[in-house]
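Counting with this note's numbering, you get residues 1 to 280 for the letters of the sequence shown. Cβ atoms here follow ideal geometry from the backbone N, Cα and C, with glycine treated the same way. Here the structure is a predicted model, which is why all the values come from computation and not from measurement. Everything below concerns the one structure shown next.
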Amino acid sequence: MSSSNKRVRAALAGVAALSLSMLAACANYSQPAAPSSSPSESSGTAAVTLVQPGKLVVCTHLAYKPFQFKQDGKTVGFDVDLMDLVANKLGVTQEIFDIEFEQITSGAVFAAKKCDAAAAAITIRADREKAALFSDPYFTATQALLVPSDSTVTDLPDLKGKVLAVQAGTTGQDYANENASKYGYTVKVFDDMPSGANAVLAKTVAAAINDNGVVYNFASENAGTKVVKEFDTNEHYGFSMGKDNTALQTVVNEVLKTAKADGTYNTIYKKWFGTDAPKE
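Here's what the structure looks like:
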């Protein structure tokens with residue numbers, strides 16, 4: 001073999017070795033995993049996974065005006081507007097799913113993957129925190145007593161021998177039950193807020209107890225009723241989500257913090273309650 005042929009052979013061997021080396025390198029290189037969640041990843045919240053791609057599915061219990069209720073066939077309200085901010089942050093749209101309130105507070109909706117979050121004027125309580133994660137508080141509430149406009153009832157002691165309406169699964173029901181034997185009234189449970197309030201309007205019950213926001217709203221729209229008493233139960237609402245969904249909890253808290261800082265929260269509050277939000 002001539003020296004020139006030897007040089008050609010050596011060059012070819014070098015090229016072959018280089019090719020094998022490059023192939024080996026390619027074989028050991030892994031492409032980044034494809035996104036497994038919705039478009040929320042493009043907005044800097046890659047850790048958030050959603051029940052349905054492109055949607056933030058929010059469970060609620062209708063009607064609870066002005067927090068969430070139907071208007072012209074669409075669910076609207078204070079909670080709805082705040083959760084729209086979260087959906088916008090995630091780069092998705094909000095889809096609202098109406099379900100029994102106790103399915104929300106028990107955490108069943110999250111275990112069954114029916115929704116990503118719940119927005120239903122939910123009071124943050126220790127027993128509920130065992131079943132779900134909660135956002136930072138976004139609203140402070142008390143219990144309030146609704147009676148017919150011509151009623152002489154002004155407080156729970158005046159209900160002795162009478163019937164008090166409550167909503168199933170609520171802190172109002174708990175408060176009413178805790179004081180029933182003390183004041184001698186009977187508790188009647190309704191599935192939703194409007195049913196109990198309308199029973200007051202129809203005078204089939206003597207009074208109803210529920211959160212102050214919805215009670216005052218009902219009285220303002222129904223002249224046959226009035227609010228006569230508030231009970232300082234020191235309640236705070238939070239949005240809830242599955243126990244393992246800390247990523248969504250973080251996003252919700254960031255959205256609430258930003259909205260309060262830039263005035264968006266106050267604008268939404270004033271839209272639904274007619275006044276500026278209380279100073280924290």
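CB contact flag (residue i, residue j, <9 Å)
i           : j           : result
residue 337 : residue 143 : The structure shown does not extend to residue 337, since the chain spans only 1 to 280, so no value can be given for it.
residue 221 : residue 141 : no
residue 135 : residue 242 : no
residue 120 : residue 165 : no
residue 199 : residue 190 : yes
residue 86  : residue 56  : yes
residue 59  : residue 117 : yes
Neighbourhood of residue i by C-beta distance below 6 Å, restricted to the same chain and skipping five residues each side
i           : result
residue 128 : 105
residue 296 : Nothing about residue 296 can be reported from this structure: the residues present for the chain run from 1 to 280 only.
residue 66  : 77, 78, 217, 272
residue 155 : 229
residue 194 : 63
C-alpha distance - residue i paired with residue j, whole-angstrom precision
i           : j           : result
residue 68  : residue 157 : 32 Å
residue 277 : residue 186 : 36 Å
residue 261 : residue 82  : 14 Å
residue 283 : residue 215 : Residue 283 cannot be examined here, being either before or after the span of the chain that is shown, 1 to 280.
residue 197 : residue 245 : 35 Å
residue 94  : residue 84  : 6 Å
residue 231 : residue 53  : 43 Å
residue 229 : residue 183 : 15 Å
residue 296 : residue 160 : With the chain running from 1 to 280 in the structure shown, residue 296 is simply not present.
residue 80  : residue 99  : 15 Å
residue 124 : residue 204 : 32 Å
residue 139 : residue 64  : 14 Å
residue 181 : residue 213 : 27 Å
residue 103 : residue 170 : 12 Å
residue 259 : residue 279 : 14 Å
Proximal residues to residue i (C-beta, below 7 Å), its chain only, five neighbours per side dropped
i           : result
residue 47  : 247
residue 224 : 148, 149, 201
residue 70  : 62, 63
residue 21  : Because residue 21 sits at a pLDDT of 39, beneath the cut-off of 50, its placement in the model cannot be relied upon, and the following sentence gives the value as read from the coordinates. So the list is empty, once near-sequence residues are dropped.
Heavy atom of the ligand SAM within 8 Å of residue i beta-carbon
i           : result
residue 116 : As for the ligand SAM, it is missing from this structure, which has no ligand bound.
Contacting residues, own chain, Cβ-Cβ under 8 Å from residue i (five flanking each side not counted)
i           : result
residue 153 : 145, 147, 159, 162, 206, 207, 228
Legend entry - Continuous alpha helix (DSSP H) assignments of at least 4 residues falling wholly in the region 186 to 210: 193 to 201
Inset, instruction - Flag this pair as touching only if the region 249 to 265 and the region 169 to 189 have three or more C-beta atom pairs under 8 Å; answer yes or no. - result: no
Legend entry - Validate contact between the region 108 to 124 and the region 263 to 280 using beta carbons, cut 8 Å, 3 pairs: At 8 Å Cβ cutoff, the stretches do not touch.
Inset, instruction - Quick one: which unbroken alpha helix (DSSP H) runs of 4-plus residues sit fully inside the region 58 to 104? Chain order, please. - result: 78 to 90
Legend entry - 4-residue-minimum alpha helix (DSSP H) runs that sit fully inside the region 121 to 150, ordered along the chain: Counting only runs of 4 or more, we get 126 to 129.
Legend entry - Contiguous beta strand (DSSP E) assignments of at least 3 residues, all confined to the region 208 to 274: 225 to 237
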